[in-house]
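Protein chains in written order, with full-length UniProt numbering: chain A, 1 to 264; chain B, 1 to 353.
Each residue gets a CB set at the ideal place from its N, CA and C atoms; glycine is no exception.
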Amino acid sequence: MRALWTAATGMRAQQLNIDVIANNLSNVNTTSYKTSRAEFKDLFYTNLKRNNIVDEEGRPVNLEVGHGVMPAATKKDFRNGSFIETNGTLDLAIDGEGFFMVQLPNGDTRFTRDGSFKLSVEGDEGTLVNSEGYIVLSEDGDEITIDSGLMDISVDELGYITAVDEYGETVDLGRIGLFKFVNPEGLQSEGLNLYSVTPSSGEEIPIEPDEMQGRIVQGYLEASNVQVVDEMVKMITAQRAYEINSKAIQTSDEMLQLINNLKR
Amino acid sequence: MNRGLYISATSLVANQKRLDVLANNLANVNTTGYKKDISLMETFPEKLLSRINDKRPKIRGIGENEIDYEQDGDVHRARTQKGYFVVRTPYGEKSYVKEIQFTIDDDGYLKTYYRDDRGEYKTDYENYIIDRTGNRVQGTGNLEALLEQIVYFPPSHVIGTMNAGVNFKRIVTDYSPGELIETGGTFDLALLGDGFFQVQGEDGTTYYTRDGSFIVNEDGYLSTLKGEIVIGTNGPIEIDGEDVEIDGNGVVRVDGDEVGTINVVNIGNKEFLRKIGDNLYRMALDRNGEEIPAEEEPFEGQVLQGFLEGSNVNAISEMVEMITLLRDFEASQRAVRAQDEMLEKVSNEIGRV
């Protein structure tokens, strides 16, 4: 009974849907988290009857039945989340497009919109790192170091970092690296608010100061863009879809039972 | 042995297939751009029943035969009291019926019809009405007189007709729009109104789809999630830039420059679109293995950026259909059992000496 399996694919699909929604909801307060959405495609179709079912003009007749559904992709929604004031000197939010680049201990790079940065201090020198301790890279791909003597660190809208030294002089500390992608939807989520480059996202493209569409805001963090109401609605529809697919299984089962009862 | 047993079984088989179609609709209740399938059933051809060993077969007296004929728009209905109308099914079999409903197709033939999702009368793969010599009837003007001439009067040993149950006839796709879901994605497109995006697979085959959940592929071209390239009016659409705007006419602007127009077409002969999975459709292949050409018409709707079209499956009506088909199934099963009981009596009680 094909319907039994078809409906099972439906239930599995809704299960995945719920998994994605649950992950969105659990990240409702995660800095710069971007909502995911599961997308589905219909599975292949088979001809119920072949050859003999062609009309007088030789055109085939539609007698194909589908085999259910399969997950096609989870797509990220890269719209901005709301901005939360934190007053942290090293809290940076990207208003608009772009990603910061961080370097893992093994030398690989990852991208993030989570700009809650810290200083990792060694001796009298601090290095700008993210919450995991991964080094935040400047536009030239270097680490950003800040001497202990420097005060009043400020980051302007274009990402230039400056500080004031003990003599009251302004010191340039470079510009924080900001990158964009042809297809950000193609980035792979790595957890820890990090994304990695994939063939479908394309290589990272540095955003030059003169072509910045957005701006960097110091003292703010980007909140998650999860819309709880939307997620709840999605959850309800997913649950109901799960339920009706289970009903289809039940019906198939009842029909099988009836067939079994043909022979007394 | 017992013809009724097989007739009841046809209903069981047909309803099982109906459930297959229905389960597929339900499984795709959340599939982007999915269009639901509707199963259509038909009775098997009505066969003439004759007395065997009738010594003196003769043509039944023609006498007076009244035909009730009425026309209602494109639909014609006729009834005959004596004799039968003969229709020929696409399999080549003849069916004898007292009452016919037909419409006149593009070539002027009298043909049975079905109605598609837009309520239009379609005659592809339908039955032709044939005359006494077996030719298809073509006609305009005074149809009542024409019909009177084609009524078949069976020989006297014919005692009536009987059919052989129900047959799963075809699956019609309902192309009515699904609801729009806002996603905010740059490359998420929905179509308002009838039409399809055209995408091209690796082998160059053109597919149609209502699923506008596109991405930019490795080479920078707009494509589907699986990699079929979206066809623009001037070839593939290359996206190189960050500010992508797609307007209602499908014109794609990247950083303010026009880079192409997404080709959205409406298809006149949608009855030959076939689902192939992955939310794609392609034109059906005919007997010679060639693709039936799509009758492309201009798209009159609108392209919406940041939206996707949901599935058009209506869970309520599908559930209702599921319940009715289960009950149909149950009834047919009862019929089989009743006949089985009769056979039991035949074999065990009558045979008891």
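For residue i, decide whether its Cβ has a neighbour in chain A, counting only Cβ atoms nearer than 8 Å.
i: B/GLN16; result: yes
i: B/SER95; result: no
i: B/LYS122; result: no
i: B/PHE197; result: no
i: B/ALA335; result: no
i: B/ALA78; result: no
i: B/ILE262; result: no
i: B/VAL166; result: no
i: B/GLU242; result: yes
i: B/TYR125; result: yes
i: B/ALA27; result: yes
i: B/ALA338; result: no
i: B/LEU191; result: no
i: B/GLU228; result: no
i: B/LEU180; result: no
i: B/GLU218; result: yes
i: B/GLY268; result: no
Does residue i get closer than 8 Å to chain B when you measure Cβ to Cβ?
i: A/PRO60; result: yes
i: A/LEU25; result: no
i: A/THR74; result: no
i: A/PRO199; result: yes
i: A/ASP210; result: no
i: A/LYS247; result: yes
i: A/ALA93; result: no
i: A/GLU185; result: yes
i: A/ALA22; result: no
i: A/ASP108; result: no
i: A/GLY177; result: no
i: A/GLY10; result: yes
i: A/GLY82; result: It is Ser, not Gly, that sits at residue 82 of chain A in the sequence shown. No, A/SER82 does not count as interfacial toward chain B.
Residues in its own chain within less than 7 Å of residue i by CB, not counting five upstream and five downstream?
i: B/ASN2; result: GLN339 and LEU343
i: B/ASN25; result: LYS36, ASP37, VAL313 and GLU318
i: B/ILE181; result: PHE307, LEU308 and GLY310
i: B/LYS169; result: LEU40, MET41 and GLU42
Output needed for residue i: all residues of its chain with C-beta closer than 8 Å, excluding positions within five of it in sequence on either side, in chain order.
i: A/ASP124; result: ASP147, SER148 and GLY149
i: B/ILE104; result: ASP74, HIS76, LEU110, LYS111, GLY139 and THR140
Please compile the residues from chain B whose C-beta is within a distance smaller than 8 Å of the C-beta of residue i.
i: A/ASP19; result: Within 8 Å Cβ-Cβ: nothing; A/ASP19 doesn't reach chain B, min ~13 Å.
i: A/MET255; result: ASN15, GLN16, LEU19, LEU326 and PHE329
i: A/ARG240; result: ALA315
Residue i touches chain A at which residues, Cβ-Cβ below 9 Å?
i: B/SER317; result: Residues of chain A passing the Cβ test: none, with the nearest at roughly 11 Å.
i: B/THR32; result: GLU39, PHE40, LYS41 and ALA72
i: B/THR206; result: Here the premise fails: no neighbours, minimum Cβ distance about 18 Å.
i: B/ARG274; result: TYR45, PRO60, ASN62 and GLU64
i: B/ASP278; result: LYS41, ASP42, LEU43, PHE44, MET70 and ALA72
Interface residues of chain A around residue i at Cβ under 8 Å?
i: B/VAL21; result: VAL65 and GLY66
i: B/ASN348; result: Simply none; closest approach about 13 Å.
i: B/ARG115; result: Within 8 Å Cβ-Cβ: nothing; B/ARG115 doesn't reach chain A, min ~15 Å.
With DSSP run on the structure shown, which of helix, strand or coil describes residue i?
i: residue 435 of chain B; result: The first residue shown for chain B is 1 and the last is 353, placing residue 435 of chain B beyond what the model contains.
i: A/MET70; result: strand
i: A/PRO209; result: helix
i: A/THR251; result: helix
i: A/ILE144; result: coil
i: A/ASP77; result: coil
i: B/ARG132; result: coil
i: A/THR6; result: helix
i: B/TYR125; result: coil
i: B/ASP278; result: coil
i: A/VAL228; result: helix
i: A/ALA38; result: strand
i: A/GLY186; result: helix
i: B/GLY232; result: strand
i: A/TYR220; result: strand
i: A/GLY174; result: strand
i: A/SER82; result: coil
Spatial neighbours of residue i within its chain, please: CB distance less than 6 Å, with the 5 preceding and 5 following residues excluded, ordered by chain position.
i: B/ARG18; result: SER39 and LEU325
i: A/THR89; result: ILE153
i: B/ASP243; result: ASP255
i: B/TYR152; result: GLY83, TYR84, VAL86 and ARG132
How about residue i: is its Cβ closer than 7 Å to a heavy atom in the ligand GDP?
i: B/ARG170; result: The ligand GDP is not part of the structure shown, which contains no ligands of any sort.
Along chain B, in chain order, which residues have C-beta atoms closer than 9 Å to that of residue i?
i: A/ARG2; result: GLN16, LYS17, LEU19, ASP20, ALA23 and ASN24
i: A/GLN103; result: Correct list: empty, because the minimum Cβ distance to chain B is about 24 Å.
i: A/ILE236; result: Result: empty, since nearest Cβ-Cβ is about 12 Å, beyond 9 Å.
What in chain B is Cβ-close to residue i, meaning under 7 Å?
i: A/THR145; result: Under the 7 Å cutoff, chain B gives no residues; its nearest Cβ is about 31 Å from A/THR145.
Listing by chain order, which chain A residues have their CB less than 7 Å from the CB of residue i?
i: B/GLU202; result: None at all; the shortest Cβ gap to chain A is about 16 Å.
Ignoring anything shorter than 3 residues, give me the beta strand (DSSP E) runs that lie fully in the region 169-226 of chain B, in order along the chain. Counting whole runs of 3 or more residues, the region 169-226 of chain B contains the beta strand (DSSP E) stretches 180-182, 188-192, 196-200, 206-209, 212-216 and 222-224.
Every unbroken alpha helix (DSSP H) within the region 85-116 of chain B, with a cutoff of 4 residues, ordered by chain: Considered as a whole, the region 85-116 of chain B harbours no complete run of any alpha helix (DSSP H) with no fewer than 4 residues.
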